[in-house]
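**Student:** Just so you know, the sequences run in chain order A and B. Take 1 as the starting number for the first sequence in our numbering and just add one per residue. Take 158 as the starting number for the second sequence in our numbering and just add one per residue. Glycine residues also receive a C-beta, built at the ideal position from the N, C-alpha and C atoms.
Protein chains: 2
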Amino acid sequence: MSASTPKDPSSRLLRDLTHSLPMALLRTREAVVQRFRIVLSRRGLTEQQWRILRALDGHKGLEISLLAEQCRILLPSMTGILRRMEQRGLVRRYANQADGRSIRVRLTETAQALVEEIKPEVVGVYAEIERILGQRKLEQLYALLEKLEAGLLEGQG
Amino acid sequence: MSASTPKDPSSRLLRDLTHSLPMALLRTREAVVQRFRIVLSRRGLTEQQWRILRALDGHKGLEISLLAEQCRILLPSMTGILRRMEQRGLVRRYANQADGRSIRVRLTETAQALVEEIKPEVVGVYAEIERILGQRKLEQLYALLEKLEAGLLEGQG
DNA sequence: CTGAGTTACTTAATATATTAAGTAAAATCT
DNA sequence: AGATTTTACTTAATATATTAAGTAACTCAG
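Put into structure tokens, the structure is as follows:
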């Protein structure tokens, strides 16, 4: 009866901003990423650059569009990021024999070494996260995130 | 025995990029936000501007720093966003009697109307999300996100 | 083989994010 | 009260995000 406690999630009212899903995802991601940023900024790397380093690590070369897809970075952003990374000697671009449009990118040895140097610290951050949530809940979180993403993409891929 | 299936989450190896937590949070948020963006871009609003509209809705005026905190937008970004919103007649700034430093912001009537117009569509997106995950799992997701965020902030607030 | 359509980028323009400085007003200390 | 520190912003500089166009290299139908 009390209209002053609108807790019904299926209500036609909007959730409090503090509890909106985009905000919740943003806040959590922000908290997580900040931990990584501490490690990365020491090496003058941005989070996006680290994503690229990680994606390229272990590959002999990836096409920019595949790389962009994996890192969830749009192509116009990739252009600039890769340009800066190339200038710092972290990546090298080379043409694709088979297809004159696509360009491949790979890590330089400097970058490889940098990745190996950073890895253990990043692993440390993951360990902290697992300590906070516990392995089971962490897996649960991954599962929920993936299910929601899949559902949304399917709904309007 | 098989070293080719490194599924141990506590391993000292890095997770596959596809399954890293920042990436999972980013991908899911991206999928969610895209739904909202469809609604918002029709009115020439960005996601951040919508966050501000939502936060100001129902308030007689909020200080910029409080607004920034609630919206998780840093002050330097707020300066520009509010300037653009003011130019479009969505918000108005006015001095704070009690404190010469702080500035308050409130919605114009135009903005109020806009919020009311958009709300039902946003509620529709939430309904879709709840349809995908189910109410129970959705609440579970919120709980996990909040717990992780709280743990991280506490660890080095 | 040719022209329409597609793909893999790059360029441009505008909006944010992030970090570091700068500024004026308040609060605090002495 | 005067000096110091803190607070609430703004400005600046650089890095990304987002959308729209532009370009050259492919694909494919006719």
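#1: Does DSSP classify A:E52 as helix, strand or coil?
#2: Could you pull out every residue in the same chain whose Cβ sits closer than 8 Å to the Cβ of A:M1, ignoring the five residues on either side in sequence?
#3: Which residues bound the alpha helix (DSSP H) around B:L264?
#4: So if DSSP puts A:E86 in a beta bridge, which residue, or which two residues, is it bridged to?
#5: Would you call the CB atoms of A:R67 and A:V105 closer than 8 Å?
#6: Assuming contact is defined by CB atoms lying nearer than 8 Å, are B:C228 and B:R241 in contact in what I supplied?
#7: Consult DSSP for A:R93 and reduce its assignment to one of helix, strand or coil.
#8: Can you grab the Cα-Cα spacing for the pair B:G312 / A:Q140, in whole Å?
#9: Using the rule of at least 16 other Cβ atoms within 10 Å of the residue's Cβ for burial, across every protein chain shown, is A:Y126 buried or exposed?
#10: Does chain B have any CB closer than 8 Å to the CB of A:R29?
#11: Considering only residues of the same chain and omitting the five flanking positions on each side of A:A111, which have a CB-CB separation below 7 Å?
#12: Among B:R200, B:R245, B:E220 and B:M235, which one has its Cα closest to the Cα of B:V279?
#13: Check A:L74 in the structure and name its three-state DSSP category.
#14: Under three-state DSSP, which class holds B:L202?
#15: Measure the beta-carbon distance from A:A24 to B:L302 and round it to whole angstroms, keeping in mind my assumption that it falls under 8 Å.
#16: Starting from the C-beta of A:R37, find all residues in its chain whose C-beta is less than 7 Å away, skip the five residues before and the five after it, and write them out in chain order.
#17: Are the CB atoms of A:R29 and B:P233 within a distance shorter than 8 Å?
#18: What do you reckon, are the CB atoms on A:L152 and B:A188 nearer than 8 Å?
#19: For a cutoff of 8 Å on Cβ pairs, would you count B:P233 as touching chain A?
#20: Going by beta carbon distance, what residues of the same chain come within less than 6 Å of A:R93, once the five residues before and after it are set aside?
#21: Is A:M85 close to chain B, meaning its C-beta is less than 8 Å from at least one C-beta of that chain?
#22: With a CB to CB cut of under 8 Å and the five nearest residues on each side skipped, what residues in its chain are close to A:A159?
#23: Quick check: is the beta carbon of A:P6 nearer than 8 Å to any beta carbon in chain B?
#24: Note the first and the last residue of the continuous alpha helix (DSSP H) segment covering A:A143.
#25: Does DSSP put A:A3 in a helix, in a strand, or in coil?
#26: DSSP three-state call for A:A24: helix, strand or coil?
#27: Please report the straight-line C-alpha distance between B:G365 and B:G237, rounded to a whole angstrom.
#28: If the cut is a Cβ gap below 9 Å, which residues of chain A does B:I221 touch?
#29: Any idea which residues DSSP pairs A:E63 with across the strands?
#30: Alpha carbon to alpha carbon, what distance is there between A:E63 and A:A98?
**Tutor:** In short, the structure shows the following:
#1: Checking the displayed sequence, the identity of residue 52 of chain A turns out to be Ile instead of Glu. Three-state result, A:I52: helix.
#2: In this prediction, A:M1 scores a pLDDT of 40, lower than 50, which makes its location untrustworthy; the coordinate-derived value is nonetheless stated afterwards. If we look at A:M1 and ignore the five residues flanking it on each side, it has no Cβ neighbours.
#3: Taken as a continuous stretch (DSSP letters only), B:L264 belongs to no alpha helix (DSSP H), being part of the beta strand (DSSP E) at I260 to L264.
#4: Paired residue(s): none; A:E86 is not in a bridge.
#5: It should be pointed out that residue 67 of chain A corresponds to Leu in this sequence rather than to Arg. Yes, they are a contact pair.
#6: Contact flag unset, no.
#7: Here A:R93 sits in strand by DSSP.
#8: 22 Å
#9: buried
#10: yes
#11: L53, L90 and V91
#12: B:R200
#13: Three-state result, A:L74: coil.
#14: coil
#15: Sure, about 5 Å apart at Cβ, within 8 Å.
#16: E47
#17: no
#18: yes
#19: B:P233 does not count as touching chain A.
#20: I103 and V105
#21: no
#22: Because chain A in this structure spans residues 1 to 157, residue 159 of chain A falls outside the shown range and cannot be described.
#23: In this prediction, A:P6 has a pLDDT of 45, which is less than 50 and means its spatial position is unreliable; nothing more can be read from the coordinates.
#24: Q135 to G155
#25: Because the pLDDT of A:A3 is 38, which lies under 50, any placement of that residue in the model is unreliable, and the question is left without a value.
#26: A:A24 sits in a helix when the DSSP states are folded into three classes.
#27: Nothing can be reported for residue 365 of chain B: it is not among the residues displayed for chain B, which extend from 158 to 314.
#28: By Cβ distance, chain A contributes nothing, its closest Cβ being about 16 Å from B:I221, past 9 Å.
#29: A:R104
#30: 12 Å
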